[in-house]
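Have a look at the structure below before the remarks.
In this note's numbering, the protein residues as written are 42 to 151.
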């Protein structure tokens, strides 16, 4: 891989379309993901997730994406935080200031 250039590079729409991931361009919009159950445990939360519809990537092998992992991990935390603090529903918007995620392995089954 070439080092990042010190001069700006401008890509027009056609050049972008030749290299963009079909998943990021439109595929993720086909995914339907929901939290089925959520549990607070001493070692950390545990949630069961339903994936009822998904985009099949070009290689023909499903994998759960880091995009959905990030969204669901934050939602699991928000739901548990609300319950642990006595809120029956989310009291307002919760803004995330920092987020780091490490995906240890691919998830290939639904």
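Glycine included, every Cβ here is placed at the ideal spot set by N, Cα and C.
Between the C-alpha atoms of residue i and residue j, what's the straight-line distance to the nearest angstrom?
{"i": "residue 69", "j": "residue 55", "result": "21 angstroms"}
{"i": "residue 122", "j": "residue 110", "result": "18 angstroms"}
{"i": "residue 85", "j": "residue 73", "result": "25 angstroms"}
{"i": "residue 147", "j": "residue 80", "result": "23 angstroms"}
{"i": "residue 52", "j": "residue 128", "result": "48 angstroms"}
{"i": "residue 83", "j": "residue 124", "result": "16 angstroms"}
{"i": "residue 120", "j": "residue 134", "result": "12 angstroms"}
{"i": "residue 136", "j": "residue 49", "result": "32 angstroms"}
{"i": "residue 66", "j": "residue 107", "result": "15 angstroms"}
{"i": "residue 138", "j": "residue 115", "result": "12 angstroms"}
{"i": "residue 47", "j": "residue 126", "result": "49 angstroms"}
{"i": "residue 60", "j": "residue 99", "result": "14 angstroms"}
{"i": "residue 102", "j": "residue 113", "result": "21 angstroms"}
Per DSSP, residue i forms a beta bridge with which residues?
{"i": "residue 87", "result": "80"}
{"i": "residue 73", "result": "94"}
Tell me whether residue i sits in a helix, a strand or coil according to DSSP, three-state version.
{"i": "residue 147", "result": "coil"}
{"i": "residue 52", "result": "coil"}
{"i": "residue 66", "result": "helix"}
{"i": "residue 61", "result": "coil"}
{"i": "residue 124", "result": "helix"}
{"i": "residue 104", "result": "coil"}
{"i": "residue 118", "result": "helix"}
Sorted by chain position, which residues of the same chain lie with C-beta nearer than 7 angstroms to residue i's C-beta, five sequence neighbours on each side aside?
{"i": "residue 71", "result": "94, 95, 96"}
Identify, in the order they occur along the chain, each residue of the same chain with its Cβ nearer than 8 angstroms to the Cβ of residue i, setting aside the five sequence neighbours on each side.
{"i": "residue 78", "result": "88, 89"}
{"i": "residue 64", "result": "96, 98, 106"}
Who are the Cβ neighbours of residue i in its own chain at under 6 angstroms, not counting the five residues just before and after it?
{"i": "residue 131", "result": "123"}
{"i": "residue 105", "result": "148"}
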